[in-house]
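Student: Here you go, one structure.
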Amino acid sequence: MLHWSQKGGHSDRRSSTVDLETWKPVPGYEGQYEVSDIGRVRSLDRVDPRGQRRKGQVSRPGIDSRGYRVVALSKNGVKTRFSVHRLVALAFHGSAPEGKPNACHKDGDSLNNCAENLYWGSQFENMQDRLRHGTYSNGTETRTHCPRQHPLQAPNLVASAARNGYRACRSCAQTRAHIQGAKRRGKDLSDQFQVISDKKYAQIMGGVQ
Ligand SMILES: [Zn+2]
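Heads up, the sequence shown is in this note's numbering, so the first residue is 16 and it goes up one at a time.
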């Protein structure tokens, strides 16, 4: 009789493909979670409260309303949400220096969480980066893309907002409504925001001649 077995210790199967990725403990979560220099987060093997061995796994981050990747880390049964770019900055650049509390993205891409793309900066530096790269709205028309990188061009604009003189991403607005609707039906799609909004964007722009 054949049995699928979990015995056999750990496997080194993946090690050859991840050699170039450096992992460090998440400060405050040493021994539980690690974060890598390309912005991935993983849990380590552990024994759960019922004494079961649990294999560590790479987290699948969601994206928050500001366009940052976020993960929930558990400690003593309490889940806390963190921005991935902050975890990378803390692990690879140490704690934030006085007056520079923001983990900023050098290239202005809020989803590029490579350690080398991040630095601790002031609120001012953070805004300068986002303005320079067109991802920050200060109320004037400097934005060219939404935080999820959909171009803010017709027809990808929320009509009511456009009439009032500012641009809002129609793909993301439709996605928020879609996810809220699914939530009312008991389905949580919040970690699929990027995928769904990209599809909506393709649909909206697909209607353009
Ligand atoms: Zn968008």
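Using N, Cα and C, we set each Cβ at its ideal position, and we do this for glycine too.
Keep in mind the model is a prediction, meaning the values are calculated, not measured.
Leaving aside the five residues before and after D79 along the sequence, list all residues of the same chain whose C-beta is less than 7 Å from its C-beta, in chain order.
Tutor: Position 64 of the sequence shown holds residue 79. V85.
Student: State yes or no: is the C-beta of R81 nearer than 7 Å to some heavy atom of ligand 1?
Tutor: Start at 1 with the first residue of the sequence shown, and residue 81 comes out as number 66. False, no ligand heavy atom lies under 7 Å from that Cβ.
Student: Leaving aside the five residues before and after Q209 along the sequence, list all residues of the same chain whose C-beta is less than 8 Å from its C-beta, in chain order.
Tutor: Residue numbering aside, residue 209 sits at position 194 when the sequence shown is read from its first letter. Counting only Cβ-Cβ distances below 8 Å, and skipping sequence neighbours, we find I78 and R163.
Student: What residue range does the alpha helix (DSSP H) around K265 cover?
Tutor: In the structure displayed, the chain extends from 16 to 224; residue 265 sits before or after that span and is not available.
Student: Can you tell me whether R55 is buried or exposed? The criterion is at least 16 other CB atoms within 10 Å of its CB, across all chains shown.
Tutor: One-based indexing of the sequence shown puts residue 55 at position 40. Answer is buried; the Cβ neighbour count reaches 16.
Student: Tell me whether F97 is buried or exposed, calling it buried when 16 or more other Cβ atoms sit within 10 Å of its Cβ.
Tutor: The sequence position of residue 97 within the sequence shown is 82, counting from 1. So F97 ends up on the buried side.
Student: Measuring only the C-alpha atoms, how far is T37 from S125?
Tutor: Counted from its first residue, the sequence shown places residue 37 at position 22. Counted from its first residue, the sequence shown places residue 125 at position 110. Going from the Cα of T37 to the Cα of S125 covers about 21 Å.
Student: The beta strand (DSSP E) spanning C184 covers which residue range?
Tutor: The residue given as residue 184 occupies position 169 in the sequence shown. That residue, C184, is in no beta strand (DSSP E); it is neither H nor E in DSSP.
Student: Might you give, ordered along the chain, the residues of its own chain that have their beta carbon closer than 7 Å to the beta carbon of C129, omitting 5 neighbours on each side?
Tutor: Reading the sequence shown from its first residue, position 114 is the one you call residue 129. Closer than 7 Å at Cβ, skipping near neighbours: D52, I53 and G54.
Student: If distances are taken between C-alpha atoms only, which option among R81, G114, E45 and G82 comes closest to L88?
Tutor: Here residue 88 refers to the residue found at position 73 of the sequence shown. The candidate whose alpha carbon is nearest that of L88 is E45.
Student: With DSSP collapsed to three states, give me the class of A197.
Tutor: If you number the sequence shown from 1, residue 197 lands on position 182. Three-state DSSP puts A197 in a helix.
Student: With H, G and I counted as helix, E and B as strand and the rest as coil, what does DSSP make of K204?
Tutor: Numbered from its first residue, the sequence shown carries residue 204 at position 189. Note that residue 204 is Leu in the sequence shown here, rather than Lys. Three-state DSSP puts L204 in coil, outside helix and strand.
Student: How big is the Cα-Cα spacing for Q189 and T159?
Tutor: Position 174 of the sequence shown, counted from the start, is the residue given in the question as residue 189. Position 144 of the sequence shown, counted from the start, is the residue given in the question as residue 159. Roughly 19 Å between the two C-alpha positions.
Student: Please list the terminal residues of the continuous alpha helix (DSSP H) segment that includes A106.
Tutor: The sequence position of residue 106 within the sequence shown is 91, counting from 1. Per DSSP, A106 belongs to the alpha helix (DSSP H) from V99 to H108.
Student: Output the distance between the C-alpha atoms of S14 and P116, rounded to the nearest integer angstrom.
Tutor: The chain is shown only over 16 to 224; residue 14 falls outside these bounds and no answer can be derived.
Student: Cα separation between A106 and G221?
Tutor: On the sequence shown, position 91 is the one that residue 106 refers to. On the sequence shown, position 206 is the one that residue 221 refers to. When rounded, the distance between both Cα atoms is 42 Å.
Student: Per DSSP, V93 is paired with what?
Tutor: Walking along the sequence shown from the start, residue 93 turns up at place 78. According to DSSP, which records beta bridges pairwise, V93 is partnered with K90.
Student: Can you list, in chain order, the residues of its chain whose CB lies under 8 Å from that of H100, leaving out five sequence neighbours each side?
Tutor: If you number the sequence shown from 1, residue 100 lands on position 85. Hits under 8 Å: G54, Y83, R84, A118, H120, S125, N128 and L133.
Student: Give every residue whose Cβ lies closer than 6 Å to any heavy atom of ligand 1, listed in chain order.
Tutor: Proximity to ligand 1 was defined by a C-beta distance below 6 Å to any of its heavy atoms, and the residues meeting it, in sequence along the chain, are C161, R163, H165, C184, S186, C187 and S212.
Student: In whole angstroms, what separates the C-alpha of G43 from that of I219?
Tutor: Here the question's residue 43 lines up with position 28 in the sequence shown. Here the question's residue 219 lines up with position 204 in the sequence shown. G43 and I219: Cα-Cα distance of roughly 44 Å.
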